[in-house]
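Student: To start, I am sharing the structure in question, which I have written as structure tokens.
2 protein chains.
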Amino acid sequence: EGKHSVSQETIQSLLIEAANQGKQVVRLKGGDPFIFGRGAEEAEALAKAGITFEVIAGVTAGIGAAAGFGIPLTSRNEAQSTTLITGHQCEKNGKHNWKALAELDSTLVFYMGVKNISEIVSGLIKNGKSSSTPLAIVQNGTMVSQQIFISTLENVEKELEGITLKTPAVIIIGEVVNHHQRLQKYVTSIPADYVDPVGDFGFDIWKNEVVVA
Amino acid sequence: EGKHSVSQETIQSLLIEAANQGKQVVRLKGGDPFIFGRGAEEAEALAKAGITFEVIAGVTAGIGAAAGFGIPLTSRNEAQSTTLITGHQCEKNGKHNWKALAELDSTLVFYMGVKNISEIVSGLIKNGKSSSTPLAIVQNGTMVSQQIFISTLENVEKELEGITLKTPAVIIIGEVVNHHQRLQKYVTSIPADYVDPVGDFGFDIWKNEVVVA
């Protein structure tokens, strides 16, 4: 029985039950509990049940993905803000305001959006976002197996044809993606044996496989 | 001579100099280096100098502030996204697109924006954001001394009169702020001696002083 099939209600019941048995309970989540997590629901359930708790912030996927490939999510000249958005619910009743997203001077980071890439691209381009805006898809961000796929809004769908992305993946859209490209350019001038020792950490921006379309 | 007066160029020179001496250099920053940090400039300077490095993601102030007070930055029913924005540069040439920010279904998190609260409020209300939208100012977020100030877009300026906020502070604007209010309501029903042990951790959502306007 896969853990993914445990309902949110069951998780909350388990938390409350264990706490009421006097146990110190740790509910460990990937990323940050308050960004596309269910932290709020769990906090409220605990509070209602009279159970005290503490919420520890985490590194959310978009920020981890950016760090792994040298992409600043904000940048004085290119993006005054960054917006972390669900790409998952694009087709449901909660439609995104593509016009506002396209007009905002913001790096856009879509979570769980690979399946909806077509809607994301058309939503932004139709509303005036430059079709040459750089786009990165970071797969398995923060893991040793992380990979990056670089493209642009107008080319990404064509370039993804025949490529199977590893999930989870986040999509980073904005001029800031060019920083990664610039870094890569410098890196090619560094002798390979100079780079090697860093690989021992198991995680760095140089040693990860780069998928270039 | 305060460390704050060290220029970005000096920091980069120090990093490169120490690395070239064969040292393992750690550049430790508060928050995440790629969100209103200067991580990109430092990464590029190192890459240009032929020095390998690794970027470790951090918990950015807005996410830490939200965790400390039970505020989910995204929420299925209230916010499909969250936008981390500089409040510092509101008055400079890089004007915010208030219309897009007001129309976006997004929790807005302003960094370094307390001094520009007036511009933030008027920019959003004039462009159609509901004046009753809840607003929280989290001071000293993630620290034992963290505090929260709760208000609304229309009332915050009046309610801040005579109050000196502790900085650094982040401003969280959106319906999700109500989660904090709901949690507080439940918490008042928990006996004080039941809450006490949690205080030993030095950081939790119950023990922090709450400044209510």
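Order-wise, the sequence lines are chains A and B. Counting from 1, position 74 in the first sequence corresponds to residue 74 in the numbering used here; the numbering is continuous, with no gaps. If you want the numbering used here, it's the 1-based position in the second sequence plus 213. Heads up, the beta-carbon is just placed ideally off N, CA and C, and yes, glycines get one too.
Please state whether the Cβ-Cβ distance between B:P285 and A:G174 is less than 8 Å.
Tutor: No, the Cβ-Cβ distance between B:P285 and A:G174 is not below 8 Å.
Student: Could you name the residues of the same chain whose beta carbon sits closer than 8 Å to that of B:Q394, not counting the 5 residues immediately before and after it, in chain order?
Tutor: Result list for B:Q394: P347, I363, in chain order.
Student: Quick one, which of B:V322, B:E291, B:A232 has its alpha-carbon nearest A:E41's?
Tutor: Of the candidates B:V322, B:E291, B:A232, the one whose C-alpha sits nearest the C-alpha of A:E41 is B:E291.
Student: Is it right to say A:I117 is buried, meaning 16 or more other beta carbons lie within 10 angstroms of its own, or is it exposed?
Tutor: That one is buried.
Student: For chain B, is any of its Cβ atoms less than 8 Å away from the one on A:V144?
Tutor: Judged by the 8 Å Cβ criterion, A:V144 is not in contact with chain B.
Student: For the region 68 to 89 of chain A, list every residue whose C-beta sits within 8 Å of some C-beta in chain B, in sequence order.
Tutor: Against chain B - using a Cβ distance shorter than 8 Å - the residues of the region 68 to 89 of chain A are G68, G70, I71, P72, L73, T74, S75, R76, Q80, S81, T82, T83, L84, I85, T86, Q89.
Student: Can you tell me where the alpha helix (DSSP H) holding A:S13 begins and where it ends?
Tutor: Element bounds for A:S13: 8 to 20.
Student: Measure the C-alpha to C-alpha separation of B:I338 and B:V322 and round it to an integer number of angstroms.
Tutor: Straight-line Cα distance between these residues: approximately 16 Å.
Student: Can you tell me where the alpha helix (DSSP H) holding A:L160 begins and where it ends?
Tutor: Per DSSP, A:L160 belongs to the alpha helix (DSSP H) from 156 to 160.
Student: Find the nearest neighbour of A:A67 within the set B:G263, B:F247, B:T287, judged by alpha-carbon distance.
Tutor: Of the listed residues, the one whose Cα sits closest to A:A67 is B:F247.
Student: What number of angstroms, rounded off, separates the C-alpha of B:V389 from the C-alpha of B:G275?
Tutor: When rounded, the distance between both Cα atoms is 13 Å.
Student: Are the beta-carbon atoms of B:A382 and B:V351 separated by less than 8 Å?
Tutor: In this structure, B:V351 lies closer than 8 Å to B:A382 by Cβ.
Student: Please list the segments of the alpha helix (DSSP H) lying wholly inside the region 294 to 325 of chain B, counting only runs of 4 or more residues, in order along the chain.
Tutor: Entirely contained in the region 294 to 325 of chain B, the alpha helix (DSSP H) runs reaching 4 residues are, in chain order, 311 to 316.
Student: Cα separation between B:T320 and A:I85?
Tutor: For B:T320 and A:I85, the distance between alpha carbons rounds to 10 Å.
Student: For the region 5 to 23 of chain A against the region 46 to 65 of chain A, do three or more pairs of beta-carbon atoms, one drawn from each stretch, fall closer than 8 Å, so that the two count as touching?
Tutor: Yes: the two stretches touch, three or more of their Cβ pairs being nearer than 8 Å.
Student: At a cut-off of 7 Å, would you count B:T320 as near the ligand HEM, judging by its Cβ distance to the nearest heavy atom?
Tutor: As presented, the structure is devoid of all ligands, the ligand HEM included, so that no description of it is given.
Student: At least one CB of chain B closer than 8 Å to the CB of A:I148: is that the case?
Tutor: No, because no Cβ of chain B sits closer than 8 Å to the Cβ of A:I148.
Student: Nearest CA to the CA of B:S288: which residue from A:H96, A:G37, A:A102, A:K23?
Tutor: That would be A:G37, whose Cα lies nearest to the Cα of B:S288.
Student: For my contact list, B:S344 and B:T377 are in at a C-beta cut-off of 8 Å; report their separation, rounded to the angstrom.
Tutor: At roughly 25 Å, the Cβ-Cβ gap does not stay under 8 Å, so B:S344 and B:T377 are not in contact.
Student: Output, in chain order, the set of chain B residues within a Cβ distance shorter than 7 Å of A:S106.
Tutor: Under the 7 Å cutoff, chain B gives T296.
Student: With a threshold of 8 Å between beta-carbons, can B:N310 be considered close to chain A, or not?
Tutor: Yes, because at least one Cβ of chain A sits closer than 8 Å to the Cβ of B:N310.
Student: Count the other C-beta atoms from every protein chain shown that fall within 10 angstroms of the C-beta of B:G243, then say buried if there are 16 or more, exposed otherwise.
Tutor: The residue in question, B:G243, is exposed, as its Cβ has fewer than 16 Cβ neighbours within 10 Å.
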